[in-house]
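Here the structure is laid out as structure tokens; the discussion comes afterwards.
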Amino acid sequence: MSTSAADAVAGEITGTDDGVLETPFLDSERWNILQSVTEEGGYAYATMTSLAAAGDIRAAEAAKEMAWEQLHSGPWHSVVPIWRDAYSMACMHLAKLHYANGEFNQAIKALDMGIIMGGMMLRDELNLAIRKASEKEKAKSDLGEKGESEIKFVSQEINVAEVQQSLPIKSLSCKLVGKRPALSLEAFLRDHYLSGTPVVIRDSMDHWPAKSKWNDMNYLRRVAGFRTVPVEVGKNYLCPEWKQELITFSEFLERIRSNDTTSVETTYLAQHQLFDQIQELQQDIVIPDYCFTGGGEIRSLNAWFGPAGTVTPLHHDPHHNILAQVVGKKYVRLYSASLSDELHPHSETMLSNSSQVDLDNIDEKEFPNILGLEFQDCILEEGEMLYIPPKWWHYVRSLTTSFSVSFWWSDAEKLDD
Ligand SMILES: O=C(O)CCC(=O)C(=O)O
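Residue numbers (my numbering): -18 to 398.
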């Protein structure tokens, strides 16, 4: 009888462990995964994995590399799913070997890679292993110390006149998105959700632990500093020099801190399901009740964390969205879904939800009608949540260091999307 991942989580390892990262679920599933991978032609991977399971760290690295190549052999959706689990398995083997050598940081890095890039089969056990390795790492380093004083990311008010110069032309001069304090669920459903009308909701996230914790660099470093996260580097995802990197959260926090004083390119932790990856941070937020009013279901929670000056270019998403502003301020501009044709979506499928119009530098010859299009905009202040109806176009620029969380959810009748 095989052990389930839930059993493994329930039977969480306690006490001393003799340097062994126990993985009962992996142990019970290894042969099933290897059999499926072999059916997909992964003989060399299977050989390396068997050597890795027997303690060969170079074989573990080689197996991880082979699975990585499979994950990058074509568009993400065309990857044969078992290769994602095979990638997680290779990461887990590597982590076990690093753990046995007392290299907890490297073990955590391997496990994070398994979570970020791998499949769901081993997810619970990867999370459990991260918890265990993190405890070890905290005990070894000073990251467990709670004594450090706060280092605030955002401590001053912004100068609106100064900031306005960095915003797209006509910003804050037409229709502002309405702001409503403590909006009732009924009023949200009636006046916004059903009619597809944006709104800024005030005073509804004061109880989130994140509100008092996330403006402190030391808190974030303590909780997540040694975790690996994917970040975007460059002006924005439509620019040719834009790239993605995997770095530790500590390194990312340092980049935010030095963003004002160096000329390095902007680094943005954007649209990442950080709260599935780092459970301590998930405990700091609360899914707003507004997301459940229409009877649909949550699709994803994403983190958007970066220095002043990050830009998410004009695009739309298929889901209802609440963008909650936890730290700092953002400028947001919204165009109605009905204006899609006038906003010139890109023709390539991958970018068809993004506009060709660069609001920061509008080419009036190519797009002569853009400046006449109606939009709503606002400065989204700390503690406010913006409801963006499905398919509404949005452009977002951070005005300070900023940490936001987006909650995407579906309509009730679209549960099978
Ligand atoms: O905050 C941002 O930079 C972009 C947010 C966004 O596009 C979204 O929540 O869908």
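Virtual Cβ for every residue (Gly too), placed ideally from N, Cα, C.
Local Cβ density within 10 Å of residue i, reported as buried at 16 or more and exposed below that
i	result
Ala35	exposed
Ile150	exposed
Glu213	buried
Tyr376	buried
Gln254	exposed
Ser333	exposed
Trp57	exposed
Trp389	buried
Thr293	buried
Phe402	Because the chain here runs from -18 to 398, residue 402 falls outside it and cannot be looked at.
Gly99	buried
Ser387	buried
Gly276	exposed
Cys72	buried
Pro221	exposed
Asp265	buried
Asp270	exposed
Asp(-1)	exposed
Pro179	buried
Thr330	exposed
Leu7	buried
Ala40	buried
Leu227	exposed
Best match in the options for proximity to residue i [C-alpha to C-alpha]
i	options	result
Glu323	Lys311, Tyr174 and Ser336	Ser336
Gly215	Gly287, Glu362 and Lys156	Gly287
Asp358	Ser385, Ala67, Asn342 and Arg314	Arg314
Ala110	Pro179, Leu92 and Met101	Leu92
Leu157	Asp341, Leu367 and Asn217	Leu367
Tyr312	Tyr68, Leu148, Asn217 and Ala67	Leu148
Leu15	Asp37, Ala44, Thr4 and Gly0	Ala44
Lys224	Ser165, Glu246, Leu234 and Ser231	Glu246
Val210	Tyr24, Met70, Ile96 and Tyr80	Ile96
Lys90	Gly353, Ala76 and Gln51	Ala76
Gly353	Thr291, Lys310 and Ser152	Ser152
Gln145	Leu304, Ser17 and Asp341	Asp341
Glu84	Arg65, Leu103, Ser176 and Glu116	Glu116
Arg236	Gly206, Asp8, Glu106 and Gln306	Gly206
Pro326	Leu304, Asp298, Ala305 and Gly309	Asp298
Ser208	Glu365, Leu234, Gly364 and Glu10	Just to set this straight, residue 208 is Arg in the shown sequence, not Ser. Here the closest residue by C-alpha is Leu234.
Ala191	Phe356, Ile369, Gln263 and Phe348	Gln263
Gly23	Val1, Trp49 and Gly159	Trp49
Val338	Leu219, Lys194 and Ser136	Leu219
Ala163	Tyr174, Arg171, Val181 and Leu175	Val181
Anticipated Cβ contact below 8 Å, residue i with residue j, distance rounded
i	j	result
Thr381	Ala284	Wrong, their Cβ atoms sit about 16 Å apart, outside the cutoff.
Phe197	Lys133	One detail in the question is off: residue 197 reads as Asp in this sequence, not Phe. Their Cβ separation, rounded to whole angstroms, is 6 Å, which keeps Asp197 and Lys133 in contact under 8 Å.
Glu21	Val60	The pair is not a contact, with the Cβ atoms about 10 Å apart (cut-off 8 Å).
Met70	Met47	That belief does not hold up - the Cβ atoms of Met70 and Met47 are roughly 11 Å apart, past 8 Å.
Leu32	Asp66	Not a contact, Cβ separation roughly 19 Å.
Lys310	Leu361	6 Å
Val307	Ser385	6 Å
Glu365	Arg183	6 Å
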